[in-house]
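Each step along the sequence shown adds one to the number in our numbering, with nothing skipped, and position 43 is 43. C-beta: ideal position from N, C-alpha, C; glycine also.
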Amino acid sequence: MNHRPSLALLAFLTAATAALAAPTTNDLFSRTVSNGWGSTPQAQAYTVSGGTASDFSTNGSRGQIKLSTVNNRLARLGTSFTNFETTVRLALSAVPTANYAYAGPSVRIQSSGTDFYHARLRHNSSGSVTLTIQKIISGSQTNLSTEVTVGTGYTAGSYYRLRFSAAGTNPTYLRAKAWKDADPEPALWQAEITDSTSILQAAGGAGVRAGGHSSFTPLNTSYYVDDFQVHDVAYVSNLKTAMQNAVAGDILYFTGTHTGNMKTSAHGTAAAPIIVRGINATVQTASQATGYGVDVRHDYWRFDDFTINYAMKGFYCLNADHGVATRIDITNIGQEAFKFRRYTNYWEIVACSVDGTGQTAGDYGEGFYVGDAQSNWESSTTPDTSGNITFRDCHTVNTANDGYDVKEGAHHVKFIDCIADFSGIEPVGGHARGDSGFYLRGDNLQLIGCLVHDLGNGSTAYNVANLSANGTDYGNAIEFKAVTAQNITNGGAMFEIQSTRSDGVVIYTDYTATNVANFKIGSGSYTSGNPASFVELTW
């Protein structure tokens, strides 16, 4: 799976790390100004253009841009950077009755004030809210990315947050996302594009732009602006050191290959997570026998878009809550690729892939692993209750053990549109050790739209492996919705329910079995579910 920008981006980037600490601009608009926006708490003055000066004001809690006419308006800062990550809160005071209004952050604003990149949040008369990345050249706007819908049923005065990133030159890699203020931030960027327009490959300023369609109504509607942050990228040479020194709110960009155990040392917060982003980037350790590629032991970290190649364990989380991992590709791993254990909770893992595990210890060669076997619990009576974890659009291939493994004590785990691919390789241990697509001993699990294919060692695609420990049964309340198995041979099957003790196993009738027996001989009981009755778990 290749989620990387083109290699041409390396023409700009050296094998270094971009580290952002406190934002260069952090503006909550806690001042009262008319005929402009005044200056930020960091003593950066805004210059306003478009409309009239009276269209811009602050009231002590927010900035305001009034659309007294349909002209574009821009409030910009005089700072000048090449690489940005900006965030802002935006609300529109009235739903358009005709056409649309729009606003969003702008970066690399040239001295003319008419040339820049812009992430446009558009409020439509239908109530829908859409996002696109634009370039503005001599005041004329061009959509660079496809417009995507990020909301419907807009209510006047309700806020959305935007995040907009611009990195590199020739090309510039542009990324944006937007979400309702009360919702969690989406894991993935919603708009991504590269651009090499020559005038925009230079450093420039940042600001907020707003305007309306030529026949937009009602006029005198206002955009409310709050919590405007601008981060300037400053490059350092070592990701390991940068992660060890990171504090809440830091954002680390890195590229090239970085060797060592990349370990966290501080917590982020819900409002200020610590973010690690890769651009054509790889993490590796010195040996497959020792070391973790990424070692997370603190809360509120987000990781995006890099490869972990060559380590004992790839991405390891211990007692770490509220994290996100997106587009992490793990290859050539001695043991497990992704492991979440010892009370790790509230993670989202999206569009991550595994290729090659268990290369030094096949018994520990799972792709994605949640919790701990009883033998590894903190005590024999204290389960590892890791949970509230979502895996979405993940993919395993060449795993020496199960593609996905949820251990006893783990709970509330969802797998959505995940794939376990065994084509061309057989797990080394045979059926006696499991080696299934999904090996499930946790409670309150859901598998939705998942696929297991080409497993030929006599094992099963979806294996419910109930375990009794200290008088407690594990492996209950497991649901299979719209799952698929293909080419499971040599006595294998699509489903196996290993014990009659498993309660609440539901297999919805929209499953698909191709070249595979439906059930392993001797499987325990289950309930056949109507797909219309399925309710996805939330937390």
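Check your understanding: For the candidate residues 207, 450 and 198, whose alpha-carbon lies nearest to that of residue 512?
Key -> The residue with the shortest Cα to Cα distance from residue 512 is 450.
Point to revise | Cβ neighbour criterion (16 or more within 10 Å) applied to residue 540 | key: What is shown of the chain runs 1 to 539, which leaves residue 540 out entirely.
Practice item. Would you grab the beta carbon distance between residue 105 and residue 67 for me? Rounded to a whole angstrom, and I think it's under 8 angstroms. Key: So it is not a contact: roughly 18 angstroms between Cβ atoms.
**Study point:** Straight-line Cα distance separating residue 91 from residue 156
**Key:** Their Cα atoms are separated by approximately 8 angstroms.
Exercise for review: Excluding the 5 residues preceding and the 5 following residue 388 in the sequence, name in chain order all residues of the same chain whose CB lies nearer than 6 angstroms to its CB.
Suggested key: Taken in chain order, the residues that qualify are 345, 346, 412 and 539.
**Study point:** Buried versus exposed, by CB contacts within 10 Å (16 or more), residue 107
**Key:** Buried: at least 16 other Cβ atoms inside 10 Å.
Practice item. Give the range of the beta strand (DSSP E) segment to which residue 345 is assigned. Key: Where residue 345 is concerned, the enclosing beta strand (DSSP E) starts and stops at 345-350.
Review point. Residue 368 and residue 338 look like a contact to me (Cβ under 8 angstroms); what is the Cβ gap, rounded to whole Å?
Key: Cβ-Cβ separation between residue 368 and residue 338: approximately 5 angstroms, consistent with a contact (criterion under 8 angstroms).
Practice item. Below 6 angstroms CB to CB, which residues in the same chain sit around residue 27 once its five sequence neighbours on both sides are set aside? Key: 40 and 228.
Exercise for review: Have a look at residue 518 and residue 360 and give me their C-alpha separation to the nearest angstrom.
Suggested key: Going from the Cα of residue 518 to the Cα of residue 360 covers about 34 angstroms.
**Study point:** Those runs of the beta strand (DSSP E) which lie wholly inside the stretch 151-195 and span at least 3 residues
**Key:** As for any beta strand (DSSP E) of minimum length 3 sitting wholly inside the stretch 151-195, the runs are 160-167, 172-180 and 191-195, ordered along the chain.
Practice item. In the DSSP assignment, find the unbroken alpha helix (DSSP H) run with residue 240 in it and report its ends. Key: DSSP places residue 240 in the uninterrupted alpha helix (DSSP H) bounded by 239-245.
Exercise for review: Evaluate residue 536 with the Cβ neighbour count: other Cβ atoms within 10 Å of its Cβ, from every protein chain shown; 16 or more gives buried, anything less gives exposed.
Suggested key: By the 10 Å Cβ count, residue 536 comes out exposed.
Exercise for review: May I ask you to report which of helix, strand or coil DSSP gives residue 284?
Suggested key: In the structure shown, residue 284 sits in a strand (DSSP, three-state: E or B).
Check your understanding: residue 509 and residue 488: beta carbons closer than 9 angstroms?
Key -> Taking 9 angstroms as the Cβ cut-off, residue 509 and residue 488 do not qualify as a contacting pair.
Check your understanding: When burial is assigned at 16 or more other CB atoms within 10 Å of the CB, is residue 504 buried or exposed?
Key -> The residue in question, residue 504, is exposed, as its Cβ has fewer than 16 Cβ neighbours within 10 Å.
Check your understanding: For residue 9, is the classification buried or exposed, using 16 other Cβ atoms within 10 angstroms of its Cβ as the cut-off for buried?
Key -> Low local confidence applies: a pLDDT of 41 at residue 9 is under 50, so the model's placement there is unreliable, with the coordinate-based value given in what follows. By the neighbour-count rule (16 or more Cβ atoms within 10 Å), residue 9 is buried.
Point to revise | Assigned exposure category for residue 354 - 16 Cβ within 10 Å defines buried | key: By the 10 Å Cβ count, residue 354 comes out buried.
Check your understanding: Based on Cα-Cα distance, which residue from 36, 331, 73 and 498 lies nearest to residue 213?
Key -> Shortest Cα-Cα distance from residue 213 to any of 36, 331, 73 and 498 involves 73.
**Study point:** Beta-carbon spacing of residue 82, residue 233 below 9 angstroms
**Key:** Contact: yes.
Review point. Shortest alpha-carbon distance to residue 187 belongs to which of 391, 396, 443 and 475?
Key: Checked all of 391, 396, 443 and 475; the closest Cα to residue 187 is 391.
Practice item. Take every Cβ of the stretch 119-128, pair it with every Cβ of the stretch 54-65, and state whether three or more of those distances are shorter than 8 angstroms. Key: In short, these stretches do not touch, since the Cβ pair count stays below three.
Practice item. Using beta-carbon positions only, say whether residue 33 and residue 208 come within less than 9 angstroms of one another. Key: Not in contact: residue 33 and residue 208 (Cβ atoms no closer than 9 angstroms).
Point to revise | Cα-Cα separation between residue 319 and residue 297, rounded to whole angstroms | key: Approximately 6 angstroms between the Cα atoms of the pair.
Practice item. May I have the straight-line CA-CA distance separating residue 533 from residue 185, to the nearest angstrom? Key: Residue 533 and residue 185 have their C-alpha atoms roughly 29 angstroms apart.
Point to revise | Nearest-angstrom beta carbon gap, residue 303 and residue 276 [assumed within contact, 8 angstroms] | key: Sure, about 5 angstroms apart at Cβ, within 8 angstroms.
Check your understanding: Around the Cβ of residue 531, are there at least 16 other Cβ atoms within 10 angstroms (buried) or fewer (exposed)?
Key -> Here residue 531 is exposed, its C-beta having fewer than 16 other C-beta atoms within 10 Å.
Check your understanding: What residue does the beta strand (DSSP E) around residue 291 start on, and which one ends it?
Key -> In this chain, residue 291 is not harboured by any beta strand (DSSP E), its DSSP state being neither H nor E.
Point to revise | Rounded straight-line distance, which links the Cα of residue 278 to that of residue 259 | key: Straight-line Cα distance between these residues: approximately 14 angstroms.
Review point. Going along the chain, which unbroken runs of the beta strand (DSSP E) with 3 or more residues stay wholly within the stretch 418-499?
Key: Within the stretch 418-499, the beta strand (DSSP E) runs of at least 3 residues that lie entirely inside it are, in chain order, 419-421, 438-440, 443-448, 451-455, 460-464, 467-469, 472-474, 478-481, 484-488 and 493-497.
**Study point:** Backbone secondary structure at residue 364 - three-state DSSP
**Key:** Under the three-state reduction of DSSP output, residue 364 falls in the helix class.
Check your understanding: At what residue ranges does the stretch 87-118 contain a whole run of the beta strand (DSSP E), taking only runs of 3 or more?
Key -> Correct list: 100-109.
Check your understanding: Which residues in the same chain have their Cβ closer than 6 angstroms to the Cβ of residue 491, if we skip the five residues on either side of it in sequence?
Key -> Here the set comprises 458.
Check your understanding: Is it a yes or a no for the stretch 211-226 touching the stretch 91-102, going by three-plus beta-carbon pairs under 8 angstroms?
Key -> Yes: the two stretches touch, three or more of their Cβ pairs being nearer than 8 angstroms.
**Study point:** Spatial neighbours of residue 430 in its chain, beta-carbon cut-off 8 angstroms, leaving aside the 5 residues before and after
**Key:** For residue 430, the pLDDT reaches just 43, beneath the cut-off of 50, and the residue's location in the model is therefore unreliable, leaving the point undetermined.
Review point. In three-state DSSP terms, what is residue 200?
Key: If DSSP states are grouped into helix, strand and coil, residue 200 belongs with the helices.
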